[in-house]
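2 protein chains.
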Amino acid sequence: MKIAQFGLGPIGIETLKLAATKPWVEIIGGIDIDPAKIGKSLGELTGLPALAQAKVYRSLDELLAGAGKPDVIFHTSVSKIKAACDQIEPMARHGISVVSSCEELLFPSLRDPAAAAQLDATCKQFGARVLGTGVNPGFVMDVVPICLTGVCRSVKAVHVQRVVNAATRRGPLQKKIGSGLEPAAFEKLFSEGKAGHAGLKESAALIAHCLGWEISKITETCQAMVADHDITTPHVQVKKGQCCGLHQYGEVTVGNEVKITLDLKMYLDAPNPHDSCQIDGEPALSMTISTGVAGDSATVSSVVNAAPRILKAPPGLLLMTDIGVPSFA
Amino acid sequence: MKIAQFGLGPIGIETLKLAATKPWVEIIGGIDIDPAKIGKSLGELTGLPALAQAKVYRSLDELLAGAGKPDVIFHTSVSKIKAACDQIEPMARHGISVVSSCEELLFPSLRDPAAAAQLDATCKQFGARVLGTGVNPGFVMDVVPICLTGVCRSVKAVHVQRVVNAATRRGPLQKKIGSGLEPAAFEKLFSEGKAGHAGLKESAALIAHCLGWEISKITETCQAMVADHDITTPHVQVKKGQCCGLHQYGEVTVGNEVKITLDLKMYLDAPNPHDSCQIDGEPALSMTISTGVAGDSATVSSVVNAAPRILKAPPGLLLMTDIGVPSFA
Chain H
825 MKIAQFGLGP
835 IGIETLKLAA
845 TKPWVEIIGG
855 IDIDPAKIGK
865 SLGELTGLPA
875 LAQAKVYRSL
885 DELLAGAGKP
895 DVIFHTSVSK
905 IKAACDQIEP
915 MARHGISVVS
925 SCEELLFPSL
935 RDPAAAAQLD
945 ATCKQFGARV
955 LGTGVNPGFV
965 MDVVPICLTG
975 VCRSVKAVHV
985 QRVVNAATRR
995 GPLQKKIGSG
1005 LEPAAFEKLF
1015 SEGKAGHAGL
1025 KESAALIAHC
1035 LGWEISKITE
1045 TCQAMVADHD
1055 ITTPHVQVKK
1065 GQCCGLHQYG
1075 EVTVGNEVKI
1085 TLDLKMYLDA
1095 PNPHDSCQID
1105 GEPALSMTIS
1115 TGVAGDSATV
1125 SSVVNAAPRI
1135 LKAPPGLLLM
1145 TDIGVPSFA
Chain B
825 MKIAQFGLGP
835 IGIETLKLAA
845 TKPWVEIIGG
855 IDIDPAKIGK
865 SLGELTGLPA
875 LAQAKVYRSL
885 DELLAGAGKP
895 DVIFHTSVSK
905 IKAACDQIEP
915 MARHGISVVS
925 SCEELLFPSL
935 RDPAAAAQLD
945 ATCKQFGARV
955 LGTGVNPGFV
965 MDVVPICLTG
975 VCRSVKAVHV
985 QRVVNAATRR
995 GPLQKKIGSG
1005 LEPAAFEKLF
1015 SEGKAGHAGL
1025 KESAALIAHC
1035 LGWEISKITE
1045 TCQAMVADHD
1055 ITTPHVQVKK
1065 GQCCGLHQYG
1075 EVTVGNEVKI
1085 TLDLKMYLDA
1095 PNPHDSCQID
1105 GEPALSMTIS
1115 TGVAGDSATV
1125 SSVVNAAPRI
1135 LKAPPGLLLM
1145 TDIGVPSFA
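As they're listed, the protein sequences go chains H and B.
Heads up, the first sequence is in our numbering, so the first residue is 825 and it goes up one at a time.
Heads up, the second sequence is in our numbering, so the first residue is 825 and it goes up one at a time.
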């Protein structure tokens, strides 16, 4: 499978490094707009001598001209659906399939049904598959609870909780959750769409879609978690009383009933990190992944592992639940 | 979706009753060899007046002549792959898709690769999809652990445990696990293939298949669980010292390493029933479904819920992991 990487930030580099370990992958090049990276070899950027021949190009066209056509592009550059669709549309027009870490692409029709419909049509016309995936969104707060409902004869409600100890995570995440800000300042940033976890509404919408629930209302709130002691990590310093993370909560109402709740806490020194969900149904099910699924490294795995599965699916803008069951590849 | 039911034992009847609750299902008839049932209405057999017009036929041909062609047949009659293939082959030749509770059909090429290959070819020739599914095999000891590996960058081993309190289950299951027999007598029955849980090796083989592991050795053992007190259920009476259930254990060796272990305990009064698995990988994952997933009712749900998913898959003899993520339908 010929692979190219779009976006050579930290996640893109990690994606390449993991992909390079797979016997079924041949990495042909990368795309990035950073002038400092264009023209360099992926060997240089990743530290993997095996990638010495693969270069960084400034655009899809230059990649196609210089390295040929990949079967799949790993797309790890943006969180917003519109930007993702604009970047992916030309790939789909060349019949190239795409696995993206774009959070809003997990359920693209939620925020931009027109862009989603157009990309889907392009995929079908040119034989491409496009998928948004990851760990969250893309797995623990959506795919896993949906999977559990597969053995249910009825489902009344789905409740999901995730607790992440952000102190064990990468620096950018520790900053994204507001570490060291005044709580009110963080909450203002969230309300302006400039901070917080992206994709919670998409997780909720995917669950509703799979269960055939028509969403009456979908809401999301976010509060700062306030440090009860001074916290120092290699990346941030937080004083008692400052923001040390977030408590984000999403809720789907169907008719007059709250049918889906997603509760996410990501903060420094969070005790007992875990992923849990409860299916209120017949049978009732309660599941816990102890210690939880750490996002960064696992997100990269989700992206790479999805590549063989999308190629087996019919062309289109796909949902995680449309393709085969997640599996190590 | 036009549905017919093949096999009108207790599971078949429960499948029909659940299917009848689905707005997307139209039940057109049933097939059974029992002369006491042939010619009766499914309304009579299920107690559902809505099924009064649907009849029981003695064969597929008579169903086709009397009720027309279903889109999907629910097949709940046998556990063995050969018998299942013989019954399903004529359905596939008519382009009818099949969801079966046959345990060995979960991974059909394990025990009878020739029959599996032939049925797969028939499916592809005539546009039919055939799937074996259930709760165990089909979900808790295979699909769920496989799903978890979807976020792993490496997997060294997969370990699964299931503990079922059989006292809460139907009578036939309580007998199948040897309740009231002398322990040695039960173990002899197991060694003759006449008792025990069907499908444990299939679960192991499905995991190995998805992880790309070539099986060097696959083994299965079964010991009687011995009652440490007298036990009375509505279905069986067990004296202290007699068999009150089973401890079945499967193991897959790849090269010289044990890579998959499946540990199943089903016995009367088992404390702390649950389904658990551990992925020894990166990240390491440990999951538990507390109280576990009770088999009977959930097996029926698995079968019915799979119908819409198989129709979206390409024709063939399918694996649970080939089709979309399990979901309530």
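Heads up, the beta-carbon is just placed ideally off N, CA and C, and yes, glycines get one too.
- Within-8 angstroms CB hit, SER901/B to chain H: As a position in the second sequence, residue 901/B is number 77, starting the count at 1. It does not; no Cβ of chain H falls within 8 angstroms.
- Message: Is there a C-beta anywhere in chain B that falls below 8 angstroms from the one on GLY836/H?
- Response: The sequence position of residue 836/H within the first sequence is 12, counting from 1. At a cut-off of 8 angstroms between C-beta atoms, GLY836/H does not count as an interface residue with respect to chain B.
- Item | Integer Cβ distance of GLY1079/H from MET1049/H, believed to fall under 8 angstroms | As a working note, residue 1079/H is residue 255 in the first sequence. As a working note, residue 1049/H is residue 225 in the first sequence. By a beta-carbon distance limit of 8 angstroms, GLY1079/H does not contact MET1049/H. Their separation comes to about 33 angstroms.
- Query: Who pairs with ARG986/B in a beta bridge, going by DSSP?
  - Reply: Looking up residue 986/B in the second sequence gives position 162. Partner(s): LEU1088/B, ASP1099/B.
- Collapsed DSSP secondary structure at ARG953/H in the structure displayed: To locate residue 953/H, count along the first sequence from 1; it is residue 129. Reduced to three states, the DSSP call for ARG953/H is strand.
- How about GLY867/B and ALA828/B: are their beta carbons less than 8 angstroms apart? Start at 1 with the first residue of the second sequence, and residue 867/B comes out as number 43. Start at 1 with the first residue of the second sequence, and residue 828/B comes out as number 4. Not closer than 8 angstroms, so no.
- Task: Report yes if the C-beta distance between LYS879/H and GLU850/H is below 8 angstroms; otherwise report no.
- Result: Locating residue 879/H in the first sequence gives position 55, counting from the first residue. Locating residue 850/H in the first sequence gives position 26, counting from the first residue. Against a cut-off of 8 angstroms, the Cβ pair of GLU850/H and LYS879/H comes out as no contact.
- Message: Looking at the strands, I want to know which residues DSSP matches up with VAL1076/H.
- Response: By 1-based counting over the first sequence, the position of residue 1076/H is 252. Bridge partners of VAL1076/H: ILE1042/H, ILE1084/H.
- Query: At which residues does the beta strand (DSSP E) containing VAL1128/H begin and terminate?
  - Reply: Reading the first sequence from its first residue, position 304 is the one you call residue 1128/H. Where VAL1128/H is concerned, there is no enclosing beta strand (DSSP E), although the alpha helix (DSSP H) it sits in stretches over 1119-1136.
- Message: 8 angstroms is my cut-off, CB to CB: does VAL988/H come that close to chain B?
- Response: Reading the first sequence from its first residue, position 164 is the one you call residue 988/H. Taking a beta-carbon distance threshold of 8 angstroms, VAL988/H does not count as an interface residue toward chain B.
- Query: Whose C-beta lies closer than 7 angstroms to the C-beta of LYS904/H among residues of the same chain, with five residues either side of it excluded?
  - Reply: Working through the first sequence from its first residue, we reach residue 904/H at position 80. These residues qualify, in order along the chain: GLU928.
- Query: Of all the residues that make up the region 970-986 of chain H, which are near chain B by a beta-carbon distance shorter than 9 angstroms?
  - Reply: For the region 970-986 of chain H, which is checked against every Cβ of chain B, the residues closer than 9 angstroms are ILE970, CYS971, LEU972, THR973, GLY974, VAL975, CYS976, ARG977, SER978, VAL979.
- Message: Short of 6 angstroms in beta carbon distance, which residues of its chain neighbour GLN1066/H, apart from the five on each side in sequence? Order them along the chain.
- Response: Position 242 of the first sequence, counting from 1, holds the residue named residue 1066/H. Excluding residues within five positions, the ones whose Cβ falls inside 6 angstroms are GLY1004, ALA1051.
- Message: For chain H, check one thing: does any of its Cβ atoms lie closer than 8 angstroms to the Cβ of PRO1097/B?
- Response: Locating residue 1097/B in the second sequence gives position 273, where the first residue counts as 1. No, its Cβ sits nowhere closer than 8 angstroms to a Cβ of chain H.
- Grab the span of the alpha helix (DSSP H) containing LEU930/H for me, first residue to last. Translated into positions along the first sequence, residue 930/H becomes position 106. It is not in any alpha helix (DSSP H) - LEU930/H carries neither H nor E in the DSSP assignment.
- In or out: TRP1037/B buried (at least 16 other Cβ within 10 Å) or exposed? Within the second sequence, the letter at position 213 stands for residue 1037/B. Taking all protein chains in view, the Cβ of TRP1037/B is crowded by 16 or more other Cβ atoms within 10 Å, so the residue is classified as buried.
- Message: Strictly under 8 angstroms for the Cβ-Cβ distance: is LEU840/B near chain H by that measure?
- Response: Start at 1 with the first residue of the second sequence, and residue 840/B comes out as number 16. Nearest CB-CB separation between LEU840/B and chain H: not below the 8 angstroms threshold.
- C-beta atoms of THR1057/B and LEU1092/B nearer than 8 angstroms: Here residue 1057/B refers to the residue found at position 233 of the second sequence. Here residue 1092/B refers to the residue found at position 268 of the second sequence. Their beta carbons are under 8 angstroms apart, which means THR1057/B touches LEU1092/B by this criterion.
- Task: Examine chain H for any beta-carbon lying closer than 8 angstroms to the beta-carbon of VAL923/B, and answer yes or no.
- Result: In the second sequence, the residue the question calls residue 923/B occupies position 99. Answer no: the Cβ-Cβ gap between VAL923/B and chain H never drops below 8 angstroms.
- Name, in chain order, the residues that DSSP records as bridge partners for HIS899/B. As a working mapping, residue 899/B is identified with position 75 in the second sequence. HIS899/B pairs with PHE830/B, SER924/B.
- Could you please give the first and the last residue of the uninterrupted beta strand (DSSP E) stretch that includes GLU1026/H? As a position in the first sequence, residue 1026/H is number 202, starting the count at 1. Here GLU1026/H belongs to no beta strand (DSSP E); instead the alpha helix (DSSP H) covers 1024-1034.
- Task: Tell me SER865/H's beta-bridge partners as DSSP assigns them.
- Result: Reading the first sequence from its first residue, position 41 is the one you call residue 865/H. Partner residues in the beta bridge of SER865/H, as assigned by DSSP, are LYS879/H.
- Task: Give a yes or no on whether the minimum CB-CB distance between VAL896/H and chain B is below 8 angstroms.
- Result: Stepping through the first sequence from its first residue, residue 896/H is reached at position 72. So, not an interface residue.
- Message: What residue range does the alpha helix (DSSP H) around LEU1013/H cover?
- Response: What you label residue 1013/H is simply residue 189 of the first sequence in a count that begins at 1. Unbroken alpha helix (DSSP H) run through LEU1013/H: 1007-1015.
- Query: Three-state secondary structure (DSSP) at CYS1067/H?
  - Reply: Within the first sequence, the letter at position 243 stands for residue 1067/H. In the structure shown, CYS1067/H falls within a strand segment according to DSSP collapsed to helix, strand and coil.
- Message: Counting only Cβ-Cβ distances shorter than 7 angstroms, please list the residues of the region 1054-1077 of chain H near chain B, keeping chain order.
- Response: When CB distances to chain B are screened at a threshold of 7 angstroms, not a single residue of the region 1054-1077 of chain H falls below it.
- Message: Applying the 10 Å Cβ sphere with the 16-neighbour rule, what's the burial state of GLU838/B?
- Response: Translated into the one-based positions of the second sequence, residue 838/B becomes position 14. That one is buried.
- Can you give the beta carbon distance from ALA1094/H to ALA1022/H, rounded, assuming they're within the 8 angstroms contact cut? Numbered from its first residue, the first sequence carries residue 1094/H at position 270. Numbered from its first residue, the first sequence carries residue 1022/H at position 198. Between ALA1022/H and ALA1094/H the Cβ distance is about 19 angstroms, and since that is not below 8 angstroms, they are no contact.
- Listing by chain order, which chain H residues have their CB less than 8 angstroms from the CB of SER865/B? Here residue 865/B refers to the residue found at position 41 of the second sequence. Per Cβ cutoff of 8 angstroms: no residues; SER865/B is ~23 angstroms from chain H at best.
- Task: To the nearest angstrom, report how far apart ASP944/B and PHE950/B are at their CA atoms.
- Result: Along the second sequence, one-based indexing puts residue 944/B at 120. Along the second sequence, one-based indexing puts residue 950/B at 126. Roughly 10 angstroms between the two C-alpha positions.
- Query: Counting only beta-carbon atoms, is LEU1035/B nearer than 8 angstroms to chain H?
  - Reply: Within the second sequence, residue 1035/B is the residue found at index 211, counting from 1. Yes, because at least one Cβ of chain H sits closer than 8 angstroms to the Cβ of LEU1035/B.
- Message: Below 8 angstroms on the Cβ atoms is my contact criterion, and I expect SER925/B with GLY892/B to pass it. Report the Cβ-Cβ distance as a whole number of Å.
- Response: Counted from its first residue, the second sequence places residue 925/B at position 101. Counted from its first residue, the second sequence places residue 892/B at position 68. The pair is not a contact, with the Cβ atoms about 24 angstroms apart (cut-off 8 angstroms).
- is_contact[THR870/B, chain H] using C-beta, thresh 8 angstroms: Against the second sequence, residue 870/B aligns to sequence position 46. The beta-carbon of THR870/B is placed no less than 8 angstroms from the nearest beta-carbon of chain H.
- Does PHE1152/B get closer than 8 angstroms to chain H when you measure Cβ to Cβ? What you label residue 1152/B is simply residue 328 of the second sequence in a count that begins at 1. For PHE1152/B, the answer is yes, since a Cβ of chain H falls inside 8 angstroms of its Cβ.
- Query: Is the beta carbon of LYS1041/B sitting closer than 8 angstroms to the one on ASP1054/B?
  - Reply: Along the second sequence, one-based indexing puts residue 1041/B at 217. Along the second sequence, one-based indexing puts residue 1054/B at 230. The Cβ-Cβ distance between LYS1041/B and ASP1054/B does not fall below 8 angstroms.
- Query: Are there 16 or more other CB atoms within 10 angstroms of the CB of LEU1030/H, so buried, or fewer, so exposed?
  - Reply: On the first sequence, position 206 is the one that residue 1030/H refers to. Its Cβ being crowded by 16 or more others within 10 Å, LEU1030/H is buried.
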